[in-house]
Amino acid sequence: MSTERSSRGTSVLSDSDRTILLLTQNHAEKSISSLKDTVDVSEHQLRRAITRFKQLGLYKPLPIVNLSIIGYSRYQVLFSITQYAQQHIVTFKKRLTEHPLIYFFCEIGGDFQYMIGIHAKNLKELDDCLSSISKEFQGAFAERDILPVIEMSFLGTGLLCPRLPRDTPVTWKDQGGSL
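Residues in the sequence shown are numbered consecutively from 589, following this note's numbering.
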C-alpha cells in the first residue's frame, strides 16, 4: 500500500489502496473484520489504510438517512427565473441554499436554468416552499417542472474525490433497500 505524488502534486494511490477506499466507502456499515476478507489484506493493514485516507482527506463518512421512513419525499424542481430574480441573483441563490427544505441547488445550463432538490412531507408543503420564495422575489419562477424522486443516486467516488477515477456512480433504490 503506497501513495505517490503525481506531477500535479496530488496523491496517486496504488491499485490495492483504490480497492480498499472504494470498498470502505461503499460498505461503510460493515465492520473492518468483515471487509478484510473481501480485500484479502489483514485487519491491521486495512485500519492503517483508512487512517492514511483520513489524513490525506480522501475518506470522509457521509450520513445517509432514508427520509421516507419519517414521512418525507424528495422532489426535483427544474425552473427558469424571471427578470427580477435575475437582477437579484446573488440574494436569490443565497435564499435557496439557506432554505431548510432545499438540499440541493445547481445551474443546469445557461440562460438562468436551475434545479433544486427539496425534501417535503407532501405536495402542499412543497408548494408552500416554492410560493414563499416566489413571493419574496416577485414571482421568481418563470417556468417550473416538479419531478418526484423515486430513487437516489450517490455521487461516484470520482466526483466526491477527484483524485480517484471512478467509472459509474452507485445507485441506491429506496424500495428494495439494497445496492
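Ideal placement from N, C-alpha and C gives every residue a C-beta, glycine not left out.
Residues in the same chain with beta-carbon distance under 6 Å from Gly705, minus the five sequence neighbours each way, listed in chain order, please. Here the question's residue 705 lines up with position 117 in the sequence shown. Within the same chain, Gly705 has close Cβ partners Gln664, Tyr691 and Phe692.
Give a yes or no on whether 8 Å exceeds the smallest Cβ distance from Ser719 to chain C. No chain C is part of this structure, which consists of one protein chain only.
Using the Cα positions of Phe667 and Ile658, report the straight-line distance between them to the nearest angstrom. Indexing the sequence shown from 1 puts residue 667 at position 79. Indexing the sequence shown from 1 puts residue 658 at position 70. Rounded to whole angstroms, Phe667 to Ile658 spans 28 Å at the Cα level.
Can the beta-carbon of Leu634 be found less than 8 Å from the beta-carbon of Ile620? Walking along the sequence shown from the start, residue 634 turns up at place 46. Walking along the sequence shown from the start, residue 620 turns up at place 32. For Leu634 and Ile620, yes; Cβs fall inside 8 Å.
Is the segment 681-689 touching the segment 715-726, taking contact as three or more C-beta pairs under 8 Å? yes
Using 10 angstroms around the beta-carbon of Ile696, count the other beta-carbons present and answer buried if the total reaches 16, otherwise exposed. Translated into the one-based positions of the sequence shown, residue 696 becomes position 108. Counting Cβ neighbours within 10 Å, Ile696 comes out exposed, since fewer than 16 surround it.
Which of helix, strand or coil does DSSP assign to Val629? Here the question's residue 629 lines up with position 41 in the sequence shown. It is coil, neither helix nor strand.
Could you check if Ala673 is buried or exposed, using at least 16 other CB atoms within 10 Å of its CB as the buried criterion? For the purposes of this step, residue 673 is taken as residue 85 along the sequence shown, with counting starting at 1. Buried, by the Cβ-count rule.
Top-ranked residue by Cα proximity to His687, from Asp605, Ile721, Glu731 and Thr626: The residue you call residue 687 lines up with position 99 of the sequence shown. Selected option, being the one with the closest Cα: Ile721.
Please classify Ser594: does DSSP put it in a helix, a strand, or coil? Residue numbering aside, residue 594 sits at position 6 when the sequence shown is read from its first letter. In this predicted model, Ser594 has a pLDDT of only 44, less than 50, meaning its place in the structure is not dependable enough to derive any value.
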